[in-house]
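Accompanying notes for the structure given below.
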Amino acid sequence: MSKISISDIEKVANLARIEISQDRLDSICLEFNSILEFVDTIENADTGGIMPTSQVTGINGVSREDKVIKSQVTPEDLLALAPETQDGYIKVRKVL
Amino acid sequence: MVDLNYLSIDAAHDMLVSGKVTAEDLVKYHLDKIKKLNPKVRSVITIDEKSAIDKAKAVDTKISEGKQIGLLEGIPYTAKEMFMAKGTKTTAASKILEDFIAPYSATAIRKLDEAGAILIAKVNQDEFAHGGSTENSAYHPTHNPWDLERVPGGSSGGSAAAVAADMGIFSLGTDTGGSIRQPAAFCGVTGFKPSYGAVSRYGVISMASSFDCIGPISRSAKDTEIVFDAISGLDPRDSTSVDYKFDKPKEQLKAIYYEVGNEVDSLINNQNFKHLEVAATKPIKELGVTEESLAAYYILVPSEISSNLERYDGVRYGARTQNSSNLNETYTKTRGEFFGPEVKRRNLLGAYTLSAGYYDAYYKKAMQLRTIIKNRVNEVLDKYDVILVPTTIEPAFKIGSKADPVEMYKTDVLTVFANLAGVPSISIPFGFDESSGLPLGLQIIGKQGDDKKILEIAKTIQDATDYHKKVGEIKL
């Protein structure tokens, strides 16, 4: 498949929400292309008409009795893990 | 002073029951080993001395009151940093979770707690289990006890090195593409990746959910089985866990061995391991899945990673950047500042292979290839009870010698297909590399649900051989 460019890397970094510093872009681009070259060997595999496998147990739609199970943790335990909270809510920077 | 070196679980249990050693002294012995050896091996990230000693004292009280104790009661162990153990630091060897304290315990840890095993330390790994050498830890690399200039393997390198250095009797690891078996092989210990779903993933930090398996690293197949029996089973908190009904193996079993060109080959030829006959030997190429597996794996796994690691966004837990002016910057700068290079690489790769226009060419095609690989492995396992194949082609490599990511990925060539197929595989120490003297591993691979069968075979082989009894001497 086609080689990818620095602007492709910037686009993917935006999709992945990862800031990449400008001085790292070149080396990431090189590594990325070498990895793609490595995985591009799948192009040669004849997969026509083959069903994809996304999981290996064949188990689907597991359900359980609709019964309340007491959690091991409290909302306070979980809020205590957040970087910033206020009045029992997690606080974040403005959205826009 | 009684000899506590390299105890098996049942030997330690017998000593506790007969009063030859107290649980407190057993725990202290292993804590002392950590203090003495860890500055060289650098396996441990956090140590929980007080809680471990308190738990040991409780076991001693029980014994002194004449009460019976279980096989795992008072047995000191370590766990990879992927495992949440309530109240312990759980970093996944990442800076993004540097101060994260687990609010609850993983099912595997809870079950071991209930069985009375004592967690003494949390051990190093590649960051988020992304790697095959433990060099990708955001904290420090771990050194192989057999040769401190070499890697212990990865990603569960801290676990394998701890067991090899007698810092705890066993360890818990995770295996997404070989991360239990490859380090076990590199450190001369036994590592078991059970059938997918046999051990609950609840409370274990996710890497690639359709691949991740949890299992023990220990010094024998016998110890492995004891730990596996304690941690396996259906868990309502993990909807992908499976209630396998493990069959007892039949008397006479047939294996096929695949040659890879290392010293293990010469130790196998037409060998009869008591109840296991090596009925055929073929070059690895004829298995026909190894190269294909690597390509499929390094598309599917980064894809699942990029989705699983979305949760590290600086909002609910973990580190948050100090430099953002809006929410989007909180995400991008937090992830940019606190993820290490390999974690970034895999997230980017996954975002790419899942993105519009590439989904069919990469992700879907790799899932189709996964079907072919799974079928191929099962076809072979229809003809033979088990597949035997070395765990790695080469022994442990020098720290810093595989700086190119693709070179590192290739070290998984003999292990990833078991994860793609979801089948169980155990790596046992088997022979040594001629030039370096370092240990090599042999995998025994069975069908999904054949966990007990391969453990039984591993035990039989270890009854007849002593590769697993050899230990690496650490030069202090």
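Top line first, the protein sequences correspond to chains A and B. Throughout the first sequence, residue numbering follows the working numbering, covering 7 to 102 in sequence. Throughout the second sequence, residue numbering follows the working numbering, covering 41 to 516 in sequence. All residues carry an ideal CB built from backbone N, CA and C; glycine is no exception. All values derive from a computational prediction rather than experimental measurement.
Excluding the 5 residues flanking residue i on each side, which residues of the same chain have their C-beta closer than 7 Å to its C-beta?
{"i": "K95/B", "result": "I158"}
{"i": "M122/B", "result": "A132, Q165, A169, T214, V244, I245"}
{"i": "V99/B", "result": "A63, I109, E113, G114, G156"}
{"i": "P185/B", "result": "V81, A201, A204, A205, C227, G512, I514"}
{"i": "T330/B", "result": "I324, V453, L454, F457"}
{"i": "L137/B", "result": "T130, T131, G358"}
{"i": "A238/B", "result": "S272, V282, Y284, D491"}
Run down chain B in chain order and give the residues with a C-beta less than 9 Å from the C-beta of residue i.
{"i": "K100/A", "result": "S365, N366, L367"}
{"i": "T47/A", "result": "E331, E332, L334, A335"}
{"i": "L84/A", "result": "P143, R356, Y357"}
Between which two residues does the alpha helix (DSSP H) holding residue i run?
{"i": "F268/B", "result": "261 to 271"}
{"i": "L389/B", "result": "381 to 394"}
{"i": "S306/B", "result": "304 to 308"}
{"i": "L71/B", "result": "63 to 81"}
{"i": "C35/A", "result": "28 to 45"}
{"i": "Y371/B", "result": "367 to 378"}
Could you give the distance in angstroms between the alpha-carbon of residue i and the alpha-carbon of residue j?
{"i": "Q483/B", "j": "T361/B", "result": "44 Å"}
{"i": "G110/B", "j": "V203/B", "result": "21 Å"}
{"i": "Q408/B", "j": "T59/A", "result": "6 Å"}
{"i": "I103/B", "j": "D50/B", "result": "16 Å"}
{"i": "L454/B", "j": "R99/A", "result": "47 Å"}
{"i": "Y242/B", "j": "D278/B", "result": "6 Å"}
{"i": "N348/B", "j": "D54/B", "result": "43 Å"}
{"i": "G255/B", "j": "D215/B", "result": "8 Å"}
{"i": "A92/B", "j": "V163/B", "result": "15 Å"}
{"i": "E16/A", "j": "T91/A", "result": "32 Å"}
{"i": "E326/B", "j": "S195/B", "result": "28 Å"}
{"i": "D491/B", "j": "S465/B", "result": "8 Å"}
{"i": "V383/B", "j": "Y352/B", "result": "12 Å"}
{"i": "L293/B", "j": "K73/A", "result": "46 Å"}
{"i": "A224/B", "j": "S475/B", "result": "20 Å"}
{"i": "V417/B", "j": "G94/A", "result": "52 Å"}
{"i": "N20/A", "j": "V67/B", "result": "49 Å"}
{"i": "A391/B", "j": "G358/B", "result": "22 Å"}
{"i": "V463/B", "j": "L274/B", "result": "17 Å"}
{"i": "A505/B", "j": "I427/B", "result": "Note that residue 505/B is Thr in the sequence shown here, rather than Ala. Their Cα atoms are separated by approximately 19 Å."}
{"i": "D400/B", "j": "A443/B", "result": "31 Å"}
{"i": "L36/A", "j": "K97/A", "result": "39 Å"}
{"i": "K262/B", "j": "D14/A", "result": "51 Å"}
{"i": "N302/B", "j": "F472/B", "result": "9 Å"}
{"i": "H183/B", "j": "N310/B", "result": "36 Å"}
{"i": "A320/B", "j": "F140/B", "result": "50 Å"}
What is the C-beta distance between residue i and residue j, in whole angstroms, given that I count them as a contact (C-beta under 8 Å)?
{"i": "K414/B", "j": "V62/A", "result": "7 Å"}
{"i": "R221/B", "j": "G477/B", "result": "So it is not a contact: roughly 21 Å between Cβ atoms."}
{"i": "G193/B", "j": "A200/B", "result": "6 Å"}
{"i": "G231/B", "j": "V456/B", "result": "Rounded, the Cβ-Cβ distance is 15 Å, inconsistent with contact."}
{"i": "G198/B", "j": "K120/B", "result": "6 Å"}
{"i": "T118/B", "j": "S240/B", "result": "The Cβ separation is near 19 Å, so there is no contact."}
{"i": "G440/B", "j": "S235/B", "result": "Their Cβ separation, rounded to whole angstroms, is 36 Å, which puts G440/B and S235/B out of contact at 8 Å."}
{"i": "R23/A", "j": "T372/B", "result": "5 Å"}
{"i": "P430/B", "j": "V304/B", "result": "4 Å"}
{"i": "P445/B", "j": "P479/B", "result": "26 Å between Cβ atoms; not a contact."}
{"i": "N387/B", "j": "I345/B", "result": "6 Å"}
Which bits of chain A does residue i rub up against, with CB to CB less than 7 Å?
{"i": "G237/B", "result": "T63"}
{"i": "A391/B", "result": "V18, L21, A22"}
Since residue i is in the beta strand (DSSP E), which residue starts that stretch and which ends it?
{"i": "E326/B", "result": "First-last for E326/B: undefined, no H or E at that position."}
{"i": "V429/B", "result": "426 to 430"}
{"i": "F472/B", "result": "465 to 472"}
{"i": "P479/B", "result": "479 to 485"}
{"i": "D283/B", "result": "Looking at the DSSP string, D283/B is not in any beta strand (DSSP E), and its letter there is neither H nor E."}
{"i": "T86/B", "result": "84 to 87"}
{"i": "I254/B", "result": "253 to 258"}
What residues of chain B sit near residue i, judged by a beta carbon separation below 7 Å?
{"i": "V68/A", "result": "S279"}
{"i": "Q78/A", "result": "Y144"}
Short of 6 Å in beta carbon distance, which residues of its chain neighbour residue i, apart from the five on each side in sequence? Order them along the chain.
{"i": "L389/B", "result": "P342"}
{"i": "T264/B", "result": "T230, F232, P256, S258"}
{"i": "Y507/B", "result": "P469, F470"}
Within its chain, find whatever has a CB closer than 8 Å to the CB of residue i; leave out the 5 residues flanking it on each side and keep chain order.
{"i": "D32/A", "result": "I12"}
{"i": "N312/B", "result": "V318"}
What does residue i reach in chain A if we use C-beta pairs closer than 8 Å?
{"i": "N387/B", "result": "A22, I24"}
{"i": "M407/B", "result": "P58, T59, S60"}
{"i": "K404/B", "result": "P58"}
{"i": "T370/B", "result": "V98, R99"}
Please list, in chain order, the chain A residues whose beta carbon lies closer than 9 Å to that of residue i.
{"i": "V446/B", "result": "E37, S40, I41, E43, F44"}
{"i": "T411/B", "result": "T53, I56, M57, P58, T59"}
Examine chain E for any beta-carbon lying closer than 8 Å to the beta-carbon of residue i, and answer yes or no.
{"i": "F140/B", "result": "Included in the structure are the protein chains A and B, with no chain E among them."}
Can you tell me whether residue i sits near the ligand SAH, meaning its C-beta is under 7 Å from at least one heavy atom of the ligand?
{"i": "A248/B", "result": "Because no ligand of any kind appears in the structure shown, any question about the ligand SAH cannot be addressed here."}
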